[in-house]
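Note sheet for the following structure.
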Amino acid sequence: MIKLTFPDGKSKQYKKGITALEVAKSIGPRLAQDAIVAKLDNELIDLTTKINKNGKFQIFTFKEPEGRETFKHSASHILAKAAKRLFPQIKLTIGPAVEDGFYYDFDFKRAFTPEDLNKLESEMKKIIKEDIVFERLDVKKNEAKKLQKDQPYKLEMIDELGDEQCTLYKHGKFVDLCRGPHVPSTAKIKAVKLTKLAGAYWRGDAKNKQLQRVYGVAFPDKKELNQYLHLLEEAKKRDHKKLGRDLELFSFHDEAPGFPFWHPKGLHLYNTLVDYWRTEHKKEGYVEISTPIILNKTLWEKSGHWKLYKENMYLTKIDNQDYSIKPMNCPGGMLMYKERVHSYKELPLRVGELGLVHRHELSGTLNGLFRVRAFTQDDAHIFMTEKQIQSEITRLIKFTERIYKMFGFEYKIELSTRPEKSIGTDKQWETTTKALEEGIKKAGKQYYINEGDGAFYGPKIDFHIRDALNRTWQCGTIQLDMSMPERFKLTYMGEDGEDKHQPVMIHRTIYGSLERFIGILVEHYAGKFPLWLSPTQVRILPVADRFADYAYKIAKAYDAKGVRVEVDSRTESISKKVRDGQLAKANYILVVGEQEIKKGTVAIRTRDNQVIGAKKADEFLKQLLKEINEKK
RNA sequence: GCCCCCGUAGCAUAGUAGCUAUUGCGGCUGACUUGUAAUCAGCAGGUCGCGAGUGCAAUUCUCGCCGGGGGCUCCA
6 MIKLTFPDGK
16 SKQYKKGITA
26 LEVAKSIGPR
36 LAQDAIVAKL
46 DNELIDLTTK
56 INKNGKFQIF
66 TFKEPEGRET
76 FKHSASHILA
86 KAAKRLFPQI
96 KLTIGPAVED
106 GFYYDFDFKR
116 AFTPEDLNKL
126 ESEMKKIIKE
136 DIVFERLDVK
146 KNEAKKLQKD
156 QPYKLEMIDE
166 LGDEQCTLYK
176 HGKFVDLCRG
186 PHVPSTAKIK
196 AVKLTKLAGA
206 YWRGDAKNKQ
216 LQRVYGVAFP
226 DKKELNQYLH
236 LLEEAKKRDH
246 KKLGRDLELF
256 SFHDEAPGFP
266 FWHPKGLHLY
276 NTLVDYWRTE
286 HKKEGYVEIS
296 TPIILNKTLW
306 EKSGHWKLYK
316 ENMYLTKIDN
326 QDYSIKPMNC
336 PGGMLMYKER
346 VHSYKELPLR
356 VGELGLVHRH
366 ELSGTLNGLF
376 RVRAFTQDDA
386 HIFMTEKQIQ
396 SEITRLIKFT
406 ERIYKMFGFE
416 YKIELSTRPE
426 KSIGTDKQWE
436 TTTKALEEGI
446 KKAGKQYYIN
456 EGDGAFYGPK
466 IDFHIRDALN
476 RTWQCGTIQL
486 DMSMPERFKL
496 TYMGEDGEDK
506 HQPVMIHRTI
516 YGSLERFIGI
526 LVEHYAGKFP
536 LWLSPTQVRI
546 LPVADRFADY
556 AYKIAKAYDA
566 KGVRVEVDSR
576 TESISKKVRD
586 GQLAKANYIL
596 VVGEQEIKKG
606 TVAIRTRDNQ
616 VIGAKKADEF
626 LKQLLKEINE
636 KK
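Each residue of the first sequence is one higher than the last, beginning at 6 in our numbering.
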């Protein structure tokens with residue numbers, strides 16, 4: 006007999022050699038039905054695995070990440086099997102689960118077509134119907150090589166394994182090198198859809214052979230697949246590139262790929278975010294500077310960008326000298342810091358800069374406002390002593406949170422530690438990383454660690470915000486920099502009266518970039534901006550021509566107080582103008598006619614078909630100003 | 001940059017190796033003067049992304065370029 010302990014702490018005796026699935030059945034038929042994979046102590050095991058020892062035991066379903074991962078991974082194997090059936094010559098590489106679903110990378114003599122995708126999907130469904138079991142094979146390396154002899158990529162992977170032993174999974178005639186675990190049978194995958202084709206490189210390196218990647222999603226029932234497809238549709242409707250055009254926020258032109266043109270309404274969003282940023286930064290004790298966007302090559306050599314970042318920099322010649330348009334704001338900021346002697350009493354010195362930077366991003370990576378070649382970073386450089394790091398970080402995290410909350414964003418924090426290639430001493434990295442960690446803890450926040458993902462010049466904190474569709478975006482960042490102060494020989498005068506102490510420096514952003522942040526906001530709000538931010542706060546609709554004067558009178562009064570107001574005086578039906586007002590996503594739509602003129606009122610409704618009723622025009626103005634002021 | 005897909009009026013679309021290139025929205029003009037999600041009629045708007053090639057003939061086929069979309073981090 007063996008004893009298994011369940012997550013609730015209870016334990017139960019079983020016959021030796023019982024399978025994980027049988028254990029699940031003993032707990033409940035529903036669990037057995039939903040079960041995907043199990044965990045014995047710290048090892049994930051197939052449901053068909055025979056258990057021969059005591060241990061902590063847990064069953065995972067699609068609800069848990071472990072279950073989802075296994076499920077998607079199995080779907081990817083079914084894809085590989087389908088590909089092998091349809092195209093026997095195909096070479097298999099890898100096929101992992103990813104956040105959205107799964108993919109498999111193939112090496113095939115010709116490019117896949119969308120029809121191939123359909124065929125593959127049909128074949129997968131057939132395999133699922135056939136209810137083929139996943140059989141695990143534990144074999145020696147050379148045995149595995151025999152089984153995978155016509156698969157060069159697999160052979161390469163087998164050779165790289167540290168272990169002598171390796172595992173393969175077999176379903177029917179198909180065998181694939183795989184660590185596992187897998188679902189017991191292909192029939193478990195109830196709903197599957199192949200979503201896209203893409204190019205990818207073997208081992209993610211552009212120098213290697215280009216492979217074809219097939220992406221798909223898989224779910225335990227059709228309903229969840231449909232929900233997923235619905236979410237995709239919703240995301241498509243919210244696409245900031247489409248809304249940006251429909252709402253007249255911004256545009257892109259062939260003549261300037263990657264460089265956004267801001268239209269009046271989009272620029273209003275931009276300026277409102279900047280105003281808010283300035284107000285809040287003032288409260289936090291920041292000063293604001295502005296540095297030139299074109300700077301001489303000598304500066305970029307000093308900062309190290311010329312060597313490490315030249316590929317991404319726009320270069321220009323002035324009076325026969327090399328200049329670069331800045332890709333980052335820091336070197337200019339360094340020059341300003343160095344202009345005079347700084348006292349320890351000034352520290353931490355918080356210097357903000359809304360800096361317009363240009364980066365030559367690869368053409369294939371451009372994506373609306375999400376990835377552009379010119380953008381404004383809401384940058385700041387903070388100079389301080391080593392002792393001040395922790396408290397400054399805590400303060401910054403709270404500050405960042407305050408800003409994100411204004412937009413209803415939840416967020417999570419990632420801490421990235423020392424990468425392989427880095428500068429500075431072990432001790433420096435240890436103290437600075439620790440300071441960041443302590444700073445996060447003191448702010449009372451949870452965080453994830455990204456081992457080795459820091460910049461070469463220091464550890465960093467990244468903020469990932471979660472939008473209304475549950476998608477995450479990296480926005481804010483706090484980076485400790487041990488390189489710039491050294492390169493630029495920054496100093497401050499300490500209590501000892503000597504101007505030779507080196508300050509610690511951080512670079513940080515909160516929005517990340519105004520452009521990207523606006524792109525995220527457009528999708529987050531689906532274009533329905535909160536009143537304080539909205540480019541079209543009020544639209545007034547006169548019922549007929551003869552009431553237009555009244556509408557303009559109100560508009561003028563509102564405009565004088567800073568309300569963003571438009572009048573739709575077209576001789577169209579009121580229904581039509583209401584519809585257009587809603588499509589323009591004006592927060593409030595005011596209808597005025599005979600009755601309103603008599604009483605000096607406006608008839609108020611919202612863009613969401615909500616009728617609010619009549620109010621005196623000046624009273625409604627007061628209400629608007631109050632709401633705007635409270636940033637509702 | 002690389003791979004796949006795409007490019008027809010401001011936007012969204014149909015279509016074809018061969019007569020004046022389709023439709024809807026939007027725009028303009030006129031009529032209607034409208035009371036809460038589309039009033040009616042008419043008109044204008046396109047070198048079918050750009051360049052080259054093949055053909056009697058190219059928006060359609062081929063090649064190149066430009067631009068857009070998806071992907072190129074997730075590891076048997």
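Don't be surprised by glycine CBs; every beta carbon is placed ideally from N, CA and C.
Rounded to whole angstroms, how far is the Cβ of residue i from the Cβ of residue j, which I believe are closer than 8 Å?
| i | j | result |
| --- | --- | --- |
| Leu-538 | Leu-352 | Not quite, the Cβ-Cβ distance comes to about 35 Å (not below 8 Å), so this is no contact. |
| Cys-113 | Phe-92 | Looking at the sequence shown, residue 113 is not Cys but Phe. That pair is a contact at about 6 Å. |
| Leu-519 | Phe-380 | 7 Å |
| Met-510 | Ser-348 | That belief does not hold up - the Cβ atoms of Met-510 and Ser-348 are roughly 16 Å apart, past 8 Å. |
| Val-292 | Val-356 | 6 Å |
| Thr-296 | Gly-360 | 7 Å |
| Asp-244 | Ala-196 | With a Cβ gap of about 25 Å, Asp-244 and Ala-196 do not count as contacting. |
| Gly-338 | His-386 | 5 Å |
In this structure, what does DSSP give as the bridge partners for residue i?
| i | result |
| --- | --- |
| Arg-319 | For clarity, residue 319 is Tyr in the given sequence; the question names Arg instead. Answer is Ile-330. |
| His-382 | The amino acid occupying residue 382 in the given sequence is Gln; His does not appear at that position. Paired residues: Gly-360 and Ser-518. |
| Val-509 | Met-389 |
| Phe-179 | His-176 |
| Ala-88 | Beta-bridge pairing links Ala-88 to no other residue. |
| Leu-9 | Lys-17 and Gly-60 |
| Gly-204 | Gln-217 |
| Gly-618 | Ile-609 |
For residue i, which residues of its own chain have a beta-carbon under 7 Å away from its beta-carbon, when the five flanking residues on both sides are left out?
| i | result |
| --- | --- |
| Ala-460 | Gln-484 |
| Leu-173 | Leu-142, Val-144, Ala-149, Leu-152, Val-180, Asp-181, Leu-182 and Cys-183 |
| Gly-185 | Asp-51, Arg-141, Thr-172 and Tyr-174 |
| Glu-253 | His-268 and Lys-270 |
| Glu-239 | Leu-474 |
| Lys-246 | Gly-373 |
| Ile-132 | Ile-83, Lys-86, Ala-87 and Thr-191 |
| Ala-40 | Leu-26, Ala-29, Leu-52, Ile-64 and Thr-66 |
| Asp-486 | Tyr-462, Gly-463, Met-510, Ile-511 and His-512 |
| Thr-606 | Ala-619, Lys-620, Lys-621 and Ala-622 |
| Gly-429 | Met-487 |
| Asp-383 | Trp-282, Leu-359, Thr-514, Ile-515, Tyr-516 and Leu-519 |
Quick one: what does DSSP say residue i is sitting in, helix, strand or coil?
| i | result |
| --- | --- |
| His-529 | helix |
| Glu-599 | helix |
| Pro-547 | strand |
| Thr-66 | coil |
| Lys-636 | coil |
| Glu-425 | coil |
| Arg-610 | strand |
| Asn-372 | strand |
| Gly-221 | strand |
| Leu-234 | helix |
| Lys-212 | coil |
| Phe-412 | coil |
| Asp-110 | strand |
| Val-572 | strand |
| Thr-75 | helix |
| Val-138 | strand |
| Val-346 | coil |
| Ser-580 | helix |
| Glu-406 | helix |
| Ser-256 | strand |
For residue i, collect the residues of the same chain with a Cβ closer than 6 Å to its Cβ; drop the 5 residues on either side in sequence, then sort them by chain order.
| i | result |
| --- | --- |
| Gln-587 | Arg-612 |
| Tyr-5 | Coverage of the chain is limited to positions 6 through 637, which leaves residue 5 absent and any answer about it impossible. |
| Phe-522 | Tyr-516 |
| Ile-525 | Trp-478 |
| His-176 | Ile-137 and Phe-139 |
| Ile-419 | According to the sequence provided, residue 419 is Glu. The question's Ile does not apply to it. So the list reads Tyr-453, Asn-455 and Asp-467, once near-sequence residues are dropped. |
| Asp-46 | Gly-60 and Lys-61 |
| Lys-75 | Residue identity differs from the one stated: residue 75 is Thr in this sequence, not Lys. The residues are Ile-41, Val-42 and Pro-186. |
Which same chain residues, not among the five before or five after residue i, have their C-beta less than 8 Å away from its C-beta?
| i | result |
| --- | --- |
| Val-583 | Leu-546, Ile-594, Val-596 and Arg-610 |
Within 8 Å: the Cβ of residue i and any heavy atom of the ligand MN?
| i | result |
| --- | --- |
| Asp-226 | Inclusion of the ligand MN in the displayed structure is not the case, the ligand content being empty and no account of it being possible. |
Complete runs of the beta strand (DSSP E) confined to the stretch 258-313 [at least 3 residues]:
The stretch 258-313 contains these whole beta strand (DSSP E) runs: 299-301.
Inside the stretch 141-176 only - beta strand (DSSP E) runs reaching at least 3 residues:
Runs found: 170-176.
Report the start-end ranges of each alpha helix (DSSP H) in the stretch 432-519 that is 4 residues or longer and not cut off at the edges.
Taking only runs of at least 4 residues, the alpha helix (DSSP H) segments lying wholly in the stretch 432-519 are 489-492.
Runs of beta strand (DSSP E) lying entirely within the stretch 21-48, each at least 3 residues, in chain order
Counting only runs of 3 or more, we get 42-45.
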